[in-house]
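Numbering (full-length UniProt numbering), first residue to last: 1 to 365.
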């Protein structure tokens with residue numbers, strides 16, 4: 001799991017980058033309601049409304065005594081009853097086989113706190129026959145690529161459970177694996193959460209281009225029906241997910257800006273996502289190829305230089321500074337600055353060959 005501190009230009013700041021996105025989802029009543037209705041197959045939740053959900057994570061998480069700032073606790077009102085929802089977020093490719101015990105501790109903490117609150121209101125009520133504890137639904141939202149195979153019942157984590165089964169706590173937790181849903185499954189759900197999950201399924205930036213064929217009706221529905229505040233939340237979530245894929249800040253900003261301006265179709269059509277390391281590898285390969293084409297006149301090195309110059313020109317046309325271009329392309333600032341200064345003298349009619357010639361003449365002199 002990622003544990004690096006991450007601050008983005010979109011204002012996302014969390015010690016667990018991947019956790020941040022899921023925490024935002026389960027912390028929002030609209031998105032949480034969409035999750036419960038569309039991904040749990042529990043009939044009781046089919047008519048749930050956002051106003052039925054209250055996020056109470058800030059009250060419970062300090063009690064858990066674990067570094068699990070991604071997990072959420074929601075209180076759900078169904079008629080006259082309250083249900084507690086524990087959403088645990090897992091991103092690891094491997095199973096957490098102690099998940100059932102972690103959930104058991106969460107459940108005990110919540111029930112203990114509930115009993116204490118009821119005692120404050122009605123002293124001695126917990127000892128009465130009529131007192132009942134609220135149900136707790138533990139959900140593991142799993143983003144790993146492998147199949148979740150850890151035991152779903154705590155009893156299976158205790159030896160001799162076949163002999164002492166009646167005396168061992170027995171409960172199941174629900175696993176919702178993201179990889180269970182195909183792109184078409186998510187599109188058919190036709191809501192804001194499905195868009196977030198579509199992005200979250202991407203394992204590398206090149207896969208983003210596979211989303212270009214999303215039906216027009218899907219993006220039109222999001223454009224017409226998503227409230228402004230939810231657009232901002234979606235933008236934050238997707239910013240976190242794209243940074244996870246090493247997408248440069250400027251590309252992330254373009255995508256999130258299109259979301260907040262209700263340009264969902266443009267987001268899929270125009271996004272120029274790429275992984276920095278992959279871009280550098282491709283650039284070198286193209287540079288070598290261009291060097292071979294130009295033969296003895298330019299050579300391999302000049303081919304690489306020419307390709308780098310063309311990349312710099314593209315970034316200049318997007319109003320990037322020399323420092324930003326250096327960071328995006330992961331090239332030394334002094335090299336980029338030289339190209340940048342020569343190119344600006346040609347604006348707006350940039351000529352990569354002339355820039356290369358002038359750059360080499362300065363290097364020789």
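For glycine and all other residues, C-beta sits at the position ideal for the given N, C-alpha and C.
Counting only runs of 4 or more residues that sit fully inside the segment 131–216, the alpha helix (DSSP H) segments are 161–164, 183–189 and 192–200, in chain order. About 5 Å separates the Cβ atoms of residue 135 and residue 83, confirming a contact at the 8 Å cut-off.
Counting along the chain, residue 260 sits inside the alpha helix (DSSP H) bounded by residues 249–260. Membership of residue 72 in the beta strand (DSSP E) is indicated by the continuous run 72–78. Residue state for residue 82 is assigned as strand, using DSSP reduced to three classes.
When secondary structure is reduced to three states using DSSP, residue 333 falls in the helix class. Residue state for residue 55 is assigned as strand, using DSSP reduced to three classes. Among the bridge pairs identified by DSSP, residue 239 is matched with none.
Contact between the segment 234–247 and the segment 185–202 is present, with at least three C-beta pairs closer than 8 Å.
DSSP places residue 32 in the uninterrupted alpha helix (DSSP H) bounded by 29–39. Residue pairing of residue 89 in beta bridges, as defined by DSSP: 141. Non-local C-beta neighbours of residue 131 in its own chain, meaning closer than 8 Å and more than five positions away in sequence, comprise 118 and 125, ordered along the chain. Counting of Cβ neighbours within 10 angstroms places residue 261 among the exposed residues, the total staying below 16. Counting along the chain, residue 115 sits inside the alpha helix (DSSP H) bounded by residues 99–121. Taking 9 Å as the cut-off, the Cβ atoms of residue 353 and residue 306 count as close. In this structure the segment 30–43 does not touch the segment 142–157; the number of beta carbon pairs closer than 8 Å is below three. Our two residues, residue 25 and residue 237, have alpha carbons roughly 8 Å apart in a direct line. In the structure shown, the three-state DSSP call for residue 42 is coil.
Annotated three-state conformation of residue 314 is helix, per DSSP. By the neighbour-count definition (other C-beta atoms within 10 Å, threshold 16), residue 345 is an exposed residue. For residue 55, same chain residues with a beta-carbon under 6 Å away, outside a window of 5 residues either side, are 27 and 74 in chain order. The Cβ atoms of residue 234 and residue 192 lie closer than 9 Å to each other.
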